[in-house]
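Q:
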Amino acid sequence: MRTNPSDLLYIAGLQCSIGNIHMEKKNYTQAMEYYNKAMKLYKRENATNHASMASLYHGFARIFYFQKQYSDALNYHQESLNIQQKHLPDNHPDMAVNYSGMGDIYFSLCEYQNAMEYYRRSFDIRKKSLPHQHPNIALSHQNIGKVYEAINKQNDALEHYQKAFRIYRYSLAADHLDVIDIKKDIERVTAKLK
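Residue numbering for the sequence shown follows the UniProt record's numbering, beginning at 1 and increasing consecutively.
1) Could you please give the first and the last residue of the uninterrupted alpha helix (DSSP H) stretch that includes residue 46?
2) Is the number of C-beta pairs between the stretch 140-151 and the stretch 110-125 that are closer than 8 Å three or more?
3) Nearest to residue 186 by alpha carbon, out of 169, 177, 173 and 160?
4) Can you give the Cα-Cα distance for residue 74 and residue 136, rounded to whole angstroms?
5) Provide the residue span of the alpha helix (DSSP H) that contains residue 185, from first to last.
6) Taking only the alpha-carbon atoms, compute the straight-line gap between residue 45 and residue 96 and give it to the nearest angstrom.
7) At 4 residues or longer, and completely inside the stretch 50-101: list those alpha helix (DSSP H) runs for me, N to C.
8) Any idea what DSSP makes of residue 11, helix, strand or coil?
9) Assuming the contact rule is C-beta atoms closer than 8 Å, residue 129 and residue 92 should be a hit. Round their C-beta distance to whole Å, please.
10) Do you know offhand how far residue 183's Cα is from residue 122's?
11) For residue 55, count neighbouring Cβ atoms within 10 angstroms of its own Cβ and tell me buried if that reaches 16, exposed if not.
12) Does DSSP put residue 27 in a helix, in a strand, or in coil?
13) Expressed to the nearest angstrom, what Euclidean distance is found between the alpha-carbon atoms of residue 1 and residue 47?
14) Please classify residue 135: does DSSP put it in a helix, a strand, or coil?
15) Closest to residue 216 by CA distance: which of 180, 141, 175 and 172 is it?
16) How far does the alpha helix (DSSP H) with residue 111 in it extend, from its first residue to its last?
17) Are residue 77 and residue 53 touching if we call contact CB-CB under 8 Å?
18) Less than 6 Å between C-beta atoms, sequence neighbours within five positions excluded: which residues of the same chain meet that for residue 174?
19) Residue 106 to residue 90, Cα distance in whole Å?
20) Who are the near neighbours of residue 15 in its chain, counting only those whose CB is closer than 8 Å to its CB and skipping five residues on each side?
Encoded structure:
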């Protein structure tokens with residue numbers, strides 16, 4: 001009995017989703033297992049440019065980032081972006097996620113100018129495509145703030161951290177980890193300014 005190609009693509013999407021669950025639990029080996037299963041199905045159906053592949057490549061990028069294999073992570077983010085650019089409008093928020101991930105990589109490599117460039121790309125997309133109180137806009141402010149803090153521009157860092165805090169406070173519970181983290185960022189930079 002022949003399996004319908006759309007069924008196989010659906011199964012590949014499920015494999016990717018299971019991989020994402022393992023990623024969130026930091027089970028990188030299991031996540032990689034499911035991502036590889038999904039990849040095999042996409043290749044089998046000659047669907048390596050299918051829109052869903054962007055999510056799969058993003059998953060691979062995250063695994064490699066957490067394993068500090070930054071070159072591989074950047075390559076997978078770029079592959080994900082290439083597919084997104086074919087299938088999504090220019091300011092789709094999913095593209096912002098890849099730009100932010102690339103910023104994280106450059107930040108980890110202490111390449112702050114590159115990190116800022118990608119964080120700003122992410123921020124610009126999020127500003128245009130998300131409600132102004134969305135937590136991902138706060139995340140972009142926080143990321144820009146951490147670059148300013150790293151290059152010793154504490155006033156600029158504080159400004160972005162405070163913007164992030166106002167959005168997080170509006171959109172998340174007071175005990176949410178992001179709210180707690182941004183408060184620590186503000187306290188740390190405020191202490192540096194004294």
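Note that CB positions come from ideal geometry on N, CA and C, so glycine has one too.
A: Let me spell this out:
1) Taking the first residue of the sequence shown as position 1, residue 46 is located at position 46. Note, residue 46: premise wrong, no alpha helix (DSSP H); not H, not E.
2) Counting C-beta pairs closer than 8 Å gives three or more between the stretch 140-151 and the stretch 110-125, which meets the contact rule.
3) Along the sequence shown, one-based indexing puts residue 186 at 186. Closest option to residue 186, Cα to Cα, is 160.
4) Walking along the sequence shown from the start, residue 74 turns up at place 74. Walking along the sequence shown from the start, residue 136 turns up at place 136. Straight-line Cα distance between these residues: approximately 21 Å.
5) Here residue 185 corresponds to residue number 185 of the sequence shown, with the count starting at 1. For residue 185, the enclosing alpha helix (DSSP H) has its first and last residue at 177-193.
6) Position 45 of the sequence shown, counted from the start, is the residue given in the question as residue 45. Position 96 of the sequence shown, counted from the start, is the residue given in the question as residue 96. Using only the alpha carbons, I get a separation of about 28 Å.
7) Secondary structure in the stretch 50-101: the alpha helix (DSSP H) runs of 4 residues or longer, each lying completely within the stretch, are 53-66 and 70-87 in chain order.
8) For the purposes of this step, residue 11 is taken as residue 11 along the sequence shown, with counting starting at 1. The DSSP-derived three-state label of residue 11 is helix.
9) The residue labelled residue 129 in the question sits at position 129 within the sequence shown. The residue labelled residue 92 in the question sits at position 92 within the sequence shown. About 7 Å; that satisfies the 8 Å criterion.
10) Within the sequence shown, numbered from 1, the residue matching residue 183 stands at position 183. Within the sequence shown, numbered from 1, the residue matching residue 122 stands at position 122. Those two C-alpha atoms are separated by around 22 Å.
11) For the purposes of this step, residue 55 is taken as residue 55 along the sequence shown, with counting starting at 1. By the neighbour-count rule (16 or more Cβ atoms within 10 Å), residue 55 is buried.
12) As a working mapping, residue 27 is identified with position 27 in the sequence shown. Assignment of residue 27 by DSSP, reduced to helix, strand and coil, places it in the coil class.
13) For the purposes of this step, residue 1 is identified with residue 1 of the sequence shown, where counting begins at 1. For the purposes of this step, residue 47 is identified with residue 47 of the sequence shown, where counting begins at 1. For residue 1, the predicted structure reports a pLDDT of 43, less than 50, and the residue's modelled location is therefore unreliable. The matter cannot be settled from this model.
14) Against the sequence shown, residue 135 aligns to sequence position 135. Helix.
15) With the chain covering only 1 through 194, there is no way to say anything about residue 216.
16) Here residue 111 is taken as the residue at index 111 of the sequence shown, counted from 1. First-last for residue 111: undefined, no H or E at that position.
17) For the purposes of this step, residue 77 is identified with residue 77 of the sequence shown, where counting begins at 1. For the purposes of this step, residue 53 is identified with residue 53 of the sequence shown, where counting begins at 1. Result no, Cβ atoms of residue 77 and residue 53 do not sit closer than 8 Å.
18) Counting from one through the sequence shown, the residue named residue 174 turns up at place 174. Result list for residue 174: empty, nothing under 6 Å.
19) By 1-based counting over the sequence shown, the position of residue 106 is 106. By 1-based counting over the sequence shown, the position of residue 90 is 90. Separation of residue 106 and residue 90 (C-alpha to C-alpha, rounded to the nearest whole angstrom) is 23 Å.
20) Indexing the sequence shown from 1 puts residue 15 at position 15. Result list for residue 15: 34, 35, 37, 38 and 41, in chain order.
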